[in-house]
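Here's the structure we're looking at; comments come further down.
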Amino acid sequence: MAVIKVDCTGQICPVPLVEMRKALRKAKEGDIVEVTGTHSSSKKEIPLAVKAMSLELIDVIEDKEGVWKIRIRNVRGK
Amino acid sequence: MTDKATIIVHSGDMDKLYSALIIGNGALAMGMEASLYFTFWGLQRLKKGGLEKGPLSKMNMLGLGKWMVKRKMKQAKVASLEKLLKDFKELGGKILACDMTMEIMGIKKEDLRDDLISDYCGVGAYINEAKDSTVTLFI
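So this is what it looks like as structure tokens:
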């Protein structure tokens, strides 16, 4: 099991969403994709995409500066 | 069956091409399939070196408006059309080129970025894609 880190700090629509999907396509079954970013809409949209693809959302953490980190487990290998 | 988005890219305007590519990438990122069907002025943007050549749909002001918008976009770190097109392909999106437009506008396959184009086709192919789509747009 590997953790794939994707840094989208400072990037805006649709880059965080697209980079998340690119990473998930490369991830193996059980791998974790960890996306970091600052674009606030993406923080809401990435969990929606995770749900649409029936993957597992591990957690969404945001610090005081508005930097969020979302962890996704690639459970279906989609 | 996977949900699908099918978008007709009729306009060659820069801002509208952004809309089409962002929506297409968004659909793919959300786990859908996506196809972009390039026709008329949209197809001009698939010519070699043509991607960035489109004017703004409003307030282009002989290119001055476009220049200002592009500068703002750069400051806001908006992805380039080239990146969006590459990402679209990488995520498995399909690019279709209208062969009737090629005929009437005298565009040859070698004038276009053939490596990006999945198929050269007509309305039948588009309808065939669109009939199973949950999202269809004309831009």
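These protein sequence lines are chains S and H, in that order. Position one of the first sequence corresponds to residue 95 (my numbering), numbered consecutively onward. Position one of the second sequence corresponds to residue 16 (my numbering), numbered consecutively onward. Even for Gly, the Cβ is constructed at its ideal location relative to N, Cα and C.
Query raised in the report: First and last residue of the alpha helix (DSSP H) that includes Ala44/H?
Result: 29-44
Query raised in the report: Where DSSP assigns a beta bridge to Ser134/S, which residues make up the other side?
Result: For Ser134/S, which the question treats as bridged, DSSP gives no partner whatsoever.
Query raised in the report: Applying a beta-carbon distance threshold of less than 7 Å, which residues of chain S neighbour Lys92/H?
Result: Gly104, Gln105, Ile106
Report task. Quick one: give me the first and last residue of the beta strand (DSSP E) that Asp130/H is part of. Result -> Careful: Asp130/H lies outside any beta strand (DSSP E) and carries neither H nor E.
Requested in this report: Report back the beta-carbon spacing between Ala121/S and Ile140/S to the nearest angstrom; my notes put them in contact at under 8 Å.
Outcome: Their Cβ separation, rounded to whole angstroms, is 14 Å, which puts Ala121/S and Ile140/S out of contact at 8 Å.
Query raised in the report: Could you give the distance in angstroms between the alpha-carbon of Ile155/S and the alpha-carbon of Cys102/S?
Result: 15 Å
**Report entry** Inter-residue Cα distance where the pair is Lys101/H and Glu48/H
**Finding:** 16 Å
Requested in this report: Report yes if the C-beta distance between Ile164/S and His133/S is below 8 Å; otherwise report no.
Outcome: no
**Report entry** Selected residue, minimal CA-CA separation from Ile14/H, among Ile142/H, Thr54/H, Arg60/H
**Finding:** This structure cannot settle anything about residue 14/H, because the visible part of chain H is limited to 16 through 154.
Query - Test item: CB-CB of Val150/H and Ala35/H under 8 Å - result: no
Query - Between the CA atoms of Asp134/H and Ser135/S - distance to the nearest angstrom - result: 34 Å
Query raised in the report: Hey, would you say Glu128/S sits closer than 8 Å to Val100/S, going by beta carbons?
Result: yes
Query raised in the report: Taking Gly39/H as the reference, which of Thr17/H, Asp30/H, Thr21/H has the closest Cα?
Result: Thr21/H
Report task. Residues of the segment 112-132 of chain S with a CB closer than 8 Å to any CB of chain H: list them in chain order, please. Result -> Val112, Met114, Arg115, Lys116, Arg119
Report task. Quick one: measure Cβ to Cβ for Asp28/H and Gly69/H, integer angstroms, because I've assumed they're closer than 8 Å. Result -> 5 Å
Query raised in the report: For Val138/H, which of helix, strand or coil comes out of DSSP?
Result: helix
Query raised in the report: Ends of the alpha helix (DSSP H) at Ala117/S?
Result: 109-120
Report task. Answer with buried or exposed for Gln59/H, where buried requires no fewer than 16 other C-beta atoms within 10 angstroms of its C-beta. Result -> buried
Query raised in the report: Does DSSP put Arg86/H in a helix, in a strand, or in coil?
Result: helix
**Report entry** Own chain partners of Lys63/H with C-beta closer than 8 Å, once the 5 adjacent residues on each side are dropped
**Finding:** Asp126, Leu127, Arg128
**Report entry** CA-to-CA distance, Phe153/H to Val138/H, given in whole angstroms
**Finding:** 14 Å
Query raised in the report: Among residues of its own chain, excluding the 5 on either side of Gly171/S, which ones have a beta-carbon nearer than 6 Å to its beta-carbon?
Result: Low per-residue confidence applies at Gly171/S: pLDDT is 44, beneath 50, and the placement is therefore not dependable enough to give any value.
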